[in-house]
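A short worksheet on the structure shown next.
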Amino acid sequence: MENKIDLKFKELEKKKKKAFIAFITAGDPNLSVTEKLVLAFEKAGVDIVELGVPFSDPLADGPTIQAASQRALKKHVNLESILAVVKRIRQRSQIPIALMTYYNPVFHYGEDRFTAKAKASGVDGLIIPDLPPEEGHNLIRAARQDGLATVFFLSPTTTSERMRRVAKSSTGFIYYVSLTGVTGARRQLPGTLRRQVELAKRFTRKPVCVGFGVSTPAQIRAVAAAADGVIVGSAIVNAIAKQKNSKNLVQHVSSFVQHLAGSLH
Amino acid sequence: MSLPDKQGHFGEFGGKYVPETLMALLEELEKVFRAARRDKSFQRELAYYLNEYAGRPTSLYLAERLNRHLKTLKVYLKREDLLHTGAHKINNTLGQVLLAKRMKKTRIIAETGAGQHGVATATAAAFMGLHCEVYMGSEDIERQALNVDRMKLLGAKVVPVTSGSQTLKDAMNEAIRDWVTNVRNTFYIIGSVAGPHPYPLMVREFQSIIGKEARRQFLAKEKRLPDYLVACVGGGSNAMGLFHAFFNDKHTKMIGVEAAGLGLATGHHAATLMKGDIGVLHGSKSNILETKDGQIKVAHSIAAGLDYPGVGPEHAYYKKIGRAGYVSVTDKKALEGLRLLSRTEGIIPALETAHAISYLERLARKAPRNSRVIVCLSGRGDKDMGSIKGLIK
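Protein sequences, first through last, are from chains A and B. Per this note's numbering, the first sequence runs over residues 1 to 265. Per this note's numbering, the second sequence runs over residues 1 to 393.
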């Protein structure tokens, strides 16, 4: 069976559309809200969900996602409980889901055991920001066996020689980091971004999606002009944080997400 | 084969587990480092500063009164505490700051626990005229206030880190985030044999002068090799600095002393090698303290420089192949060690180093009579006077 992320990009390509990818931290503010958010996101026009596994030391993340991780960890969220939520989501939705996790929880769980369980739960891809392809042989092998996509990163500092290597190891899509820095909404993205994404696309025919800093409809449109998809994280996580005590959290956040996704479609 | 291998692995340990943004820089750093290693003019310059500025070589001092107390051991102290800034850390920061200059970086960042590496970095940056920012956990800022003032006086900006445990682990997270952001103009001076490749190799190389000197000095004095090497281990830079030159001296046993904090059974300790699992933290695979979910645990030690839930990958390798043994000493015993060396030799060691001193009492009970020992006296204790007030009678 073909991977749901690949199918999604084929479908979008036919429609000449770009992917809107929404990131949230699983368990922020709790796992039952996470489940509802993912289901609501599908209706709000999200193409792929990037579900973040909270980690104690998220060194690629800025304050927004650090705080979300802390909130989720206080609820004792872990890989098991997150995979259980994905399984529940799968009973009602086939939206492609990529898990974003730091490497240690996966290594500790056991790579083969993890990819098998993730696949069985309905996960489609893995995004691991502190695992470059050079250290990823075992994970790549395990993920291939279970039909999971392995999304690796390119950044403004990546050399052409590395671009080839990263593109070759990536499946599903390639995650292009818009700027040198950590995650977090930015008022402005680098002026050179478009040229850099175009350069990266010369090394691969796989979809290239841009994330880090992207937070407004104008930025989303600008990025989508060059990329195959746009990833928004901190802006959505901020919206969740603002609503964390509200009964209408899911409604408010998904209408915000609909507004963002709408700028693409 | 000499380790690490090309990818920075010591057996299954080490490697580069970092965000993509840093990968190209690490490759460049490794090239610059390897070229500098072969470059006689770089080596001459570094040796000049180590000797004329930092005060090398340090003495290998026979601690006769300490030995009278211990009865069965003949202990020599490798006096890294006599170096400029008061600890071995300067060996590494001088080396790395010269590399930073070669790479034309204008800004230096560092993490620090006890503040010794922060001071050594601020010092090296000051005399090279580079801008310097040091990340330090707010808990450590409180317990190592003297070093904070020293860094400020040296012109460095001390950035308090209030996330997580507010100690060394979180300071390193923040430093890495800064580095990812400012990678083009910033050089990150890591203070231990930890972090992504090539740092464990590079820091070992700059610190291995401790062991090279000690080995030569010991041979001259004793006409033989020592039976034991003893050093405290947090990240493990002073221990690796002492151990490495003796790697092939099969009869010299190496003992790394970790911080047992409130006791290994309490869970409040920093004994990563004794009690940790294999895992990935701050860029390399090594032993770490973690929860059942693979989250990093908060370590505990009275010594800020040992208060870290990870350890350099080469130590994990030494342990795995049995080349070094690792033991631990509690906060309480470390304070006794501090008092012992102060009273017998008139040397106040750093709280970190006091763990190694304390272990000698245990070694004295089990080692063969008249065993020869080198202890790395990694730093002096002035910095700890505030935090141990009231704890020592």
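Backbone N, C-alpha and C fix where the C-beta goes; we use that ideal spot for every residue, glycine too.
*Could you check what DSSP says for residue 183 of chain A in three-state terms: helix, strand or coil?*
Working through the first sequence from its first residue, we reach residue 183 of chain A at position 183. In the structure shown, residue 183 of chain A sits in coil (DSSP, three-state: anything other than H, G, I, E or B).
_residue 286 of chain B - containing alpha helix (DSSP H), residue span_ = Position 286 of the second sequence, counted from the start, is the residue given in the question as residue 286 of chain B. No alpha helix (DSSP H) contains residue 286 of chain B, which is instead part of the beta strand (DSSP E) from 284 to 288.
*Using a Cβ cut-off of 7 Å, which residues of the segment 20 to 32 of chain B contact any Cβ in chain A, in chain order?*
20, 21, 23, 24 and 25
*What residue from B:29, B:67, B:119 and B:232 has the CA that sits closest to residue 197 of chain B's CA?*
Numbered from 1 along the second sequence, position 197 holds the residue referred to as residue 197 of chain B. Comparing Cα positions, the closest option is B:29.
*Jot down the residue ranges of each uninterrupted alpha helix (DSSP H) in the segment 165 to 223 of chain A, minimum 4 residues, whole runs only, in chain order.*
193 to 201
_DSSP-derived helix/strand/coil call for residue 12 of chain B_ = Within the second sequence, the letter at position 12 stands for residue 12 of chain B. Coil at residue 12 of chain B, not helix or strand.
*Which bits of chain A does residue 169 of chain B rub up against, with CB to CB less than 8 Å?*
Counting from one through the second sequence, the residue named residue 169 of chain B turns up at place 169. Those are 57, listed as they occur along chain A.
*Measure how close the beta-carbons of residue 242 of chain B and residue 229 of chain B come, nearest whole angstrom, since I'm counting them as under 8 Å.*
As a working mapping, residue 242 of chain B is identified with position 242 in the second sequence. As a working mapping, residue 229 of chain B is identified with position 229 in the second sequence. That belief holds up - the Cβ atoms of residue 242 of chain B and residue 229 of chain B are roughly 5 Å apart, short of 8 Å.
_Alpha-carbon to alpha-carbon, residue 7 of chain B and residue 169 of chain B_ = As a working note, residue 169 of chain B is residue 169 in the second sequence. As a working note, residue 7 of chain B is residue 7 in the second sequence. If you take the alpha carbons of residue 169 of chain B and residue 7 of chain B, they lie about 24 Å apart.
*Are the C-beta atoms of residue 314 of chain B and some chain A residue less than 8 Å apart?*
Within the second sequence, residue 314 of chain B is the residue found at index 314, counting from 1. So no, residue 314 of chain B is outside the interface.
_For a contact defined as C-beta to C-beta under 7 Å, what are the partners of residue 155 of chain A on chain B?_
Here the question's residue 155 of chain A lines up with position 155 in the first sequence. Those are 20 and 21, listed as they occur along chain B.
*Inspect the beta-carbon positions of residue 431 of chain B and residue 238 of chain B and report whether they are closer than 8 Å.*
Residue 431 of chain B lies beyond the range of chain B shown here (1 to 393); nothing can be said about it.
*Contact set between residue 137 of chain A and chain B, taken where Cβ atoms lie within less than 8 Å*: Within the first sequence, the letter at position 137 stands for residue 137 of chain A. Result: empty, since nearest Cβ-Cβ is about 11 Å, beyond 8 Å.
_Can you pull the chain A neighbours of residue 176 of chain B, defined as C-beta to C-beta under 7 Å?_
Counted from its first residue, the second sequence places residue 176 of chain B at position 176. Chain A residues near residue 176 of chain B: 59.
*Taking the C-alpha atoms as reference points, what is the distance between residue 405 of chain B and residue 157 of chain B?*
Outside the displayed span of chain B (1 to 393) sits residue 405 of chain B, for which this structure offers no information.
*Since residue 17 of chain B meets chain A, which of its residues come closer than 7 Å, beta carbon to beta carbon?*
On the second sequence, position 17 is the one that residue 17 of chain B refers to. By Cβ distance, chain A contributes 103, 130, 131 and 135.
_I need the boundaries of the beta strand (DSSP E) containing residue 149 of chain A, first residue and last residue._
In the first sequence, counting from the first residue as 1, residue 149 of chain A sits at position 149. Element bounds for residue 149 of chain A: 149 to 151.
_Selection from A:9, A:4 and A:215 that minimises the alpha carbon distance to residue 206 of chain A_ = Counting from one through the first sequence, the residue named residue 206 of chain A turns up at place 206. It is A:9.
*Which residues bound the alpha helix (DSSP H) around residue 397 of chain B?*
Coverage of chain B is limited to positions 1 through 393, which leaves residue 397 of chain B absent and any answer about it impossible.
*With distances taken Cα to Cα, identify the nearest neighbour of residue 46 of chain A among A:96, A:86 and A:188.*
Position 46 of the first sequence holds residue 46 of chain A. Comparing Cα-Cα distances from residue 46 of chain A to each of A:96, A:86 and A:188, the minimum goes to A:96.
_Residue range of the unbroken beta strand (DSSP E) whose run includes residue 17 of chain A_ = Locating residue 17 of chain A in the first sequence gives position 17, where the first residue counts as 1. Run containing residue 17 of chain A: none; DSSP gives neither H nor E here.
*Count the other CB atoms within 10 Å of the CB of residue 147 of chain B; is the residue buried (16 or more) or exposed (fewer)?*
Within the second sequence, the letter at position 147 stands for residue 147 of chain B. The residue is buried, with at least 16 neighbouring Cβ atoms inside 10 Å.
*Quick one: residues in its chain with C-beta nearer than 7 Å to the C-beta of residue 172 of chain B, no 5 flanking neighbours on either side, listed in chain order?*
If you number the second sequence from 1, residue 172 of chain B lands on position 172. Once the five neighbours on either side are set aside, the close Cβ partners of residue 172 of chain B are 111 and 282.
*Which bits of chain B does residue 78 of chain A rub up against, with CB to CB less than 7 Å?*
Here residue 78 of chain A refers to the residue found at position 78 when the first sequence is read from its first residue. Chain B residues near residue 78 of chain A: 293.
*asked:* Our contact map puts residue 116 of chain B next to residue 305 of chain B with C-beta atoms below 8 Å; I'd like the distance itself, whole angstroms only.
replied: As a position in the second sequence, residue 116 of chain B is number 116, starting the count at 1. As a position in the second sequence, residue 305 of chain B is number 305, starting the count at 1. About 6 Å separates the two Cβ atoms, so the contact holds.
*Output yes if chain B places a C-beta closer than 8 Å to the C-beta of residue 162 of chain A; else output no.*
Against the first sequence, residue 162 of chain A aligns to sequence position 162. Taking Cβ atoms only, chain B reaches closer than 8 Å to residue 162 of chain A, which makes this a yes.
*By Cβ distance, which residues of its chain are closer than 6 Å to residue 313 of chain B, with the 5 residues on each side in sequence left out?*
Position 313 of the second sequence, counted from the first residue, corresponds to residue 313 of chain B. Same-chain partners within the cutoff: 10, 13, 14, 200, 284 and 286.
*Closest by CA to residue 85 of chain B, which one among B:348, B:192, B:240 and B:150?*
Along the second sequence, one-based indexing puts residue 85 of chain B at 85. The shortest Cα separation from residue 85 of chain B among B:348, B:192, B:240 and B:150 belongs to B:150.
*Does the separation of the CB atoms of residue 311 of chain B and residue 273 of chain B fall below 8 Å?*
Taking the first residue of the second sequence as position 1, residue 311 of chain B is located at position 311. Taking the first residue of the second sequence as position 1, residue 273 of chain B is located at position 273. Taking 8 Å as the Cβ cut-off, residue 311 of chain B and residue 273 of chain B qualify as a contacting pair.
*Contact set between residue 185 of chain B and chain A, taken where Cβ atoms lie within less than 7 Å*: Counting from 1 along the second sequence, the entry for residue 185 of chain B is found at position 185. Under the 7 Å cutoff, chain A gives no residues; its nearest Cβ is about 10 Å from residue 185 of chain B.
*In the segment 267 to 295 of chain B, which residues sit with their C-beta less than 9 Å from some C-beta in chain A, listed in chain order?*
277, 278, 279, 280, 281, 282, 283, 285, 288, 290, 291, 292, 293, 294 and 295
*Are the segment 217 to 236 of chain A and the segment 187 to 200 of chain A touching, with three or more C-beta to C-beta distances below 8 Å?*
yes
*If you draw a straight line from the C-alpha of residue 335 of chain B to the C-alpha of residue 259 of chain B, how long is it?*
Taking the second sequence and counting its residues from 1, one reaches residue 335 of chain B at position 335. Taking the second sequence and counting its residues from 1, one reaches residue 259 of chain B at position 259. Answer to the nearest angstrom: the Cα atoms are 12 Å apart.
*For the segment 2 to 14 of chain B, enumerate the residues whose C-beta is nearer than 7 Å to any C-beta of chain A, in chain order.*
7
*Just the chain B side, please: which residues come within less than 9 Å of residue 269 of chain A by C-beta, in chain order?*
An answer regarding residue 269 of chain A cannot be provided, because it is not within the stretch 1 to 265 covered by chain A.
*Three-state secondary structure (DSSP) at residue 133 of chain A?*
Here residue 133 of chain A refers to the residue found at position 133 when the first sequence is read from its first residue. Helix.
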